[in-house]
Amino acid sequence: MVGRGKDGTLVGALGIFGAVRPRLFGIAYRMLGSVAEAEDVVQEAWLRWQQTDRSQVRDPIGFLVTTTSRLALNAATSARARRELYPGPWLPEPVDTSADPTLQAERNESLELAVLLLLERLTPAERAVYVLREAFDYPYRRIGEVLGISEANARQLGRRARTHLAQERRDPVGYADHGRLLRAFLAAARSGDLPRLEELLAETATSYADGGGTVRAAQVPVVGRDNVARYILGVIRKFGRDLTLEIVESNGQAAILVSQAGTAIALVNIDASPAGIERVLIVLNPQKLTQFQR
Numbered sequence: 210m211v212g213r214g215k216d217g218t219l220v221g222a223l224g225i226f227g228a229v230r231p232r233l234f235g236i237a238y239r240m241l242g243s244v245a246e247a248e249d250v251v252q253e254a255w256l257r258w259q260q261t262d263r264s265q266v267r268d269p270i271g272f273l274v275t276t277t278s279r280l281a282l283n284a285a286t287s288a289r290a291r292r293e294l295y296p297g298p299w300l301p302e303p304v305d306t307s308a309d310p311t312l313q314a315e316r317n318e319s320l321e322l323a324v325l326l327l328l329e330r331l332t333p334a335e336r337a338v339y340v341l342r343e344a345f346d347y348p349y350r351r352i353g354e355v356l357g358i359s360e361a362n363a364r365q366l367g368r369r370a371r372t373h374l375a376q377e378r379r380d381p382v383g384y385a386d387h388g389r390l391l392r393a394f395l396a397a398a399r400s401g402d403l404p405r406l407e408e409l410l411a412e413t414a415t416s417y418a419d420g421g422g423t424v425r426a427a428q429v430p431v432v433g434r435d436n437v438a439r440y441i442l443g444v445i446r447k448f449g450r451d452l453t454l455e456i457v458e459s460n461g462q463a464a465i466l467v468s469q470a471g472t473a474i475a476l477v478n479i480d481a482s483p484a485g486i487e488r489v490l491i492v493l494n495p496q497k498l499t500q501f502q503r
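When we follow the working numbering, the leftmost residue of the sequence shown carries the number 210, and every step to the right adds one.
This is the structure:
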């Protein structure tokens with residue numbers, strides 16, 4: 210009897226949960242931009258699944274997706290209030306997608322760090338609809354059922370989310386052009402070539418640095434091509450000469466990992482349009498770099 214998927218045993222429950230867990234984590238992570246908070250949501254979903262009369266659940270995957278989505282929606286509401294008190298700019302916690310390819314199984318754009326940052330500007334409900342629709346291709350009727358709203362309301366929230374994001378972000382470049390720009394950015398930063406760095410940046414480029422209150426970082430975004438270029442080189446000089454800069458994979462894209470004496474001290478992501486690099490996202494908070502410690 211033990212171990213059969215639909216026999217009501219704990220082993221059966223675990224088998225069903227384990228099969229859908231990557232999707233549950235993917236939903237929660239995109240909603241919250243935090244690995245730890247996403248793991249907490251998934252753990253709570255597991256506890257509720259354990260405590261449910263599973264013999265009465267006709268669609269286990271639907272039950273788990275609905276439970277996780279609603280838990281993440283509630284968590285996003287409380288996280289929003291906490292982040293208003295965050296010391297300096299808040300950036301999403303990057304994930305090493307080379308080590309966890311299941312995160313990329315769905316559509317990649319919603320996983321990019323720049324997109325996750327912009328999702329923070331949406332309401333939690335708008336974000337939930339966007340994630341379920343754009344990352345997981347759920348129909349609006351099903352999204353409405355998951356979130357407990359009407360299909361028409363889900364469509365309206367989705368349309369509002371896409372409009373907000375389109376206003377905030379120029380058309381992004383393709384994967385190959387993103388990698389080319391990142392490599393050129395890395396070469397200019399390594400050599401301290403200020404004119405070349407400025408050349409790669411869009412005129413209205415903005416840099417965000419997340420030190421989490423434990424590492425010194427700019428307390429407000431740095432805006433403008435010249436200012437951003439000088440800030441980037443200043444950050445490198447601040448850490449000294451014994452730095453290792455290498456290209457790694459973060460959130461489905463190439464990124465620059467900065468290490469010192471074998472310890473990761475920064476992860477740099479870029480967001481680019483045909484005009485050049487629009488955003489430079491620098492994660493300095495040690496608590497957000499654990500996945501990149503070698």
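Yeah, the Cβ is synthetic: ideal placement off N, Cα and C, and Gly gets one too.
Rounded to the nearest angstrom, the Cβ distance from residue 481 to residue 381 is 7 Å, consistent with a contact under 8 Å. In this structure, residue 476 and residue 323 do not form a Cβ contact; the two beta carbons are roughly 13 Å apart against a cut-off of 8 Å. In this structure residue 343 is buried. Its beta-carbon is surrounded by 16 or more other beta-carbon atoms within 10 angstroms. Residue 418 holds the alpha-carbon nearest to the alpha-carbon of residue 301 among 418, 455, 429 and 425. For residue 272, the CB contacts under 7 Å within the same chain, skipping 5 residues up- and downstream, are 266 in chain order. Judged by DSSP in its simplified three-state form, residue 460 adopts coil rather than helix or strand. Under the 10 Å beta carbon count, residue 438 is surrounded by 16 or more other beta carbons and is classified as buried. Out of 358, 225 and 399, the CA that lies nearest to the CA of residue 443 is found in 399. The alpha-carbon of residue 233 is positioned some 44 Å away from that of residue 403. The DSSP-derived three-state label of residue 264 is helix.
The C-beta separation of residue 349 from residue 360 comes to about 5 Å, placing the pair in contact by the 8 Å criterion. Contact check between the segment 287 to 306 and the segment 240 to 250: three or more CB pairs, one atom from each, fall below 8 Å, which counts as touching.
As computed with DSSP, residue 453 is found in a beta bridge with 468. The continuous beta strand (DSSP E) containing residue 412 extends over residues 410 to 419. Following the DSSP letters along the chain, one finds residue 340 in no beta strand (DSSP E), marked with neither H nor E. DSSP lists 490 as the beta-bridge partner residues of residue 478. The segment 428 to 437 and the segment 448 to 463 do not touch, with fewer than three beta-carbon pairs separated by less than 8 Å. Using a 10 angstroms sphere on the CB of residue 269, the tally of other CB atoms reaches 16 or more, which defines it as buried. Less than 8 Å divides the Cβ of residue 306 from the Cβ of residue 461.
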